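Okay, structure first, notes after.
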Amino acid sequence: MAAFTAAPAQAAGGGNNDPSCRPSAAHPRPVVFLHGLGATSYEDLNFLQSAVAAKGYCTFSSTYGAYPEFPVVGGLRPIADSAGEIKQFIGQVLTETGASQVDLVGHSEGGFQSLYVTKTQGIADDIGAVVAIAPPTHGTTFAGLTKLAYLLGQGGRDAVGKALQTLGCPACDDLITDGSAVQTLTSGPIAQAGVRYTVITSRFDELVTPTHTAFVREPGVVNEYVQDTCPFDPVGHIGEAYDLNVWNLVTNALDPAHATKFFCTAGSPG
66 MAAFTAAPAQ AAGGGNNDPS CRPSAAHPRP VVFLHGLGAT SYEDLNFLQS AVAAKGYCTF
126 SSTYGAYPEF PVVGGLRPIA DSAGEIKQFI GQVLTETGAS QVDLVGHSEG GFQSLYVTKT
186 QGIADDIGAV VAIAPPTHGT TFAGLTKLAY LLGQGGRDAV GKALQTLGCP ACDDLITDGS
246 AVQTLTSGPI AQAGVRYTVI TSRFDELVTP THTAFVREPG VVNEYVQDTC PFDPVGHIGE
306 AYDLNVWNLV TNALDPAHAT KFFCTAGSPG
């Protein structure tokens, strides 16, 4: 009898950006991770992605919304343009893995995109669950920075938009309180039939402000502050991508039938 046998050509679960990964019976949907504004697939959610892969999921990520001339910074292009990229990537994941659906986990702009893509791209049937971390669902004042301009009326609002476009960040303009992408997302119900939604944010988030604007107040949507479970966690917006308490909330949201209790850790502010 041979001492070793050949490894299977296709792994069952537990892959990180591995096109040969095949979802297991325990975790039948690959998880697609969507990074935040100014980030890439190599940062922001990369550690969370690896942690989820270690639990037996097929996980995938791709940088979206980058300019060809500057591919190391993602999420800058208009939300609608990036949504098209994400739709295409989801289709690629479904084709490669043979799965019928994916789950989406997004942080910041990626959290917004997880809601936006599911609603606007005609692929709700391809999505099993959405877990949005600190999404600017109803727009953000960017820690109040836009409020002064808004006091000047439409002229001030137009000036903000022009400045953001000039700086090469139309996505930023899309995501402020009355941005065009925000209006598209919040016109009518956000949650789509058959999709399970969880929105997670921190009471100390300093960029998606006011913090409650992250939530989707619709039937069946789970909205939770990190501090509802871990009251002494001071984690802020960027830190939510790296916070162990957030990670545990995410993995429980991905598999609520097997949700587990966990010990809270002390996260970092900011």
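Quick note, the numbering used here runs 65 ahead of the 1-based positions in the sequence shown.
For glycine and all other residues, C-beta sits at the position ideal for the given N, C-alpha and C.
Keep in mind the model is a prediction, meaning the values are calculated, not measured.
Notebook entry, point to check: Is A194 closer than 8 Å to P88 when the C-beta atoms are compared?
Noted result: Taking the first residue of the sequence shown as 1, we reach residue 88 at position 23. Taking the first residue of the sequence shown as 1, we reach residue 194 at position 129. Cβ atoms of P88 and A194: not closer than 8 Å.
Next item on the list: Throw me the rounded Cβ distance for the L180 and A306 pair, which I believe falls under 8 Å.
Entry: Taking the sequence shown and counting its residues from 1, one reaches residue 180 at position 115. Taking the sequence shown and counting its residues from 1, one reaches residue 306 at position 241. Not really, about 17 Å apart at Cβ, beyond 8 Å.
Notebook entry, point to check: On the three-state DSSP scale, how would you describe T124?
Noted result: The count along the sequence shown starts at 1 and reaches residue 124 at position 59. Looking at T124 - three-state DSSP - the assignment turns out to be strand.
Check: Taking Cβ positions, are C329 and D298 nearer each other than 8 Å?
Finding: Walking along the sequence shown from the start, residue 329 turns up at place 264. Walking along the sequence shown from the start, residue 298 turns up at place 233. A contact, by the Cβ cut-off of 8 Å.
Margin query: One question on the structure: do V286 and A258 come within less than 8 Å of each other, judged by their Cβ atoms?
Written below: The residue labelled residue 286 in the question sits at position 221 within the sequence shown. The residue labelled residue 258 in the question sits at position 193 within the sequence shown. Cβ atoms of V286 and A258: not closer than 8 Å.
Checklist line | the region 172-188 / the region 114-121 touching (three or more Cβ pairs under 8 Å) | finding: no
Next item on the list: Count the other CB atoms, across all protein chains shown, that sit within 10 Å of the CB of E283; report buried if there are 16 or more and exposed otherwise.
Entry: In the sequence shown, counting from the first residue as 1, residue 283 sits at position 218. Counting Cβ neighbours within 10 Å, E283 comes out exposed, since fewer than 16 surround it.
Next item on the list: Could you pull the start and end residues of the alpha helix (DSSP H) that E161 belongs to?
Entry: If you number the sequence shown from 1, residue 161 lands on position 96. Counting along the chain, the alpha helix (DSSP H) containing E161 begins and ends at 144-162.
Check: From which residue to which residue does the beta strand (DSSP E) around A119 run?
Finding: Here residue 119 is taken as the residue at index 54 of the sequence shown, counted from 1. It is not in any beta strand (DSSP E) - A119 instead sits in the alpha helix (DSSP H) that spans 111-119.
Note to self: Checking the sheet assignment: what are the DSSP bridge partners for L240?
What the structure shows: Counting from 1 along the sequence shown, the entry for residue 240 is found at position 175. Answer by DSSP bridge pairing: none, since L240 is not bridged.
Margin query: Helix, strand or coil, according to DSSP, for H277 in the structure here?
Written below: Here residue 277 is taken as the residue at index 212 of the sequence shown, counted from 1. Three-state DSSP puts H277 in a helix.
Next item on the list: Check whether the Cβ atoms of V196 and V170 lie closer than 8 Å to each other.
Entry: Here the question's residue 196 lines up with position 131 in the sequence shown. Here the question's residue 170 lines up with position 105 in the sequence shown. Yes, the pair counts as a contact, with Cβ atoms nearer than the cut-off.
Note to self: So the candidates are A279, K326, D146; which of them puts its Cα closest to the Cα of F269?
What the structure shows: The count along the sequence shown starts at 1 and reaches residue 269 at position 204. Ranking A279, K326, D146 by Cα distance to F269 puts A279 first.
Margin query: Please report the straight-line C-alpha distance between I303 and T160, rounded to a whole angstrom.
Written below: On the sequence shown, position 238 is the one that residue 303 refers to. On the sequence shown, position 95 is the one that residue 160 refers to. Taking the straight line from one Cα to the other gives about 32 Å.
Notebook entry, point to check: In terms of residue numbering, what span does the beta strand (DSSP E) encompassing V264 cover?
Noted result: One-based indexing of the sequence shown puts residue 264 at position 199. Residues 261-266.
Notebook entry, point to check: For G204, which residues from the same chain have a beta carbon less than 7 Å from its beta carbon, with the 5 sequence-adjacent residues on both sides left out?
Noted result: In the sequence shown, counting from the first residue as 1, residue 204 sits at position 139. Closer than 7 Å at Cβ, skipping near neighbours: L240, I241, T242, D243, G244, V247, T278.
Next item on the list: State the start and end residues of the unbroken beta strand (DSSP E) segment that holds Y290.
Entry: The residue labelled residue 290 in the question sits at position 225 within the sequence shown. Y290 -> beta strand (DSSP E) spans 287-290.
Checklist line | Through-space distance from V167 to G79, alpha-carbon basis | finding: Locating residue 79 in the sequence shown gives position 14, counting from the first residue. Locating residue 167 in the sequence shown gives position 102, counting from the first residue. Their Cα atoms are separated by approximately 15 Å.
Checklist line | Cα-Cα separation between Y132 and C86, rounded to whole angstroms | finding: In the sequence shown, residue 132 corresponds to position 67, counting from 1. In the sequence shown, residue 86 corresponds to position 21, counting from 1. Looking at the two C-alpha atoms, the distance is approximately 30 Å.
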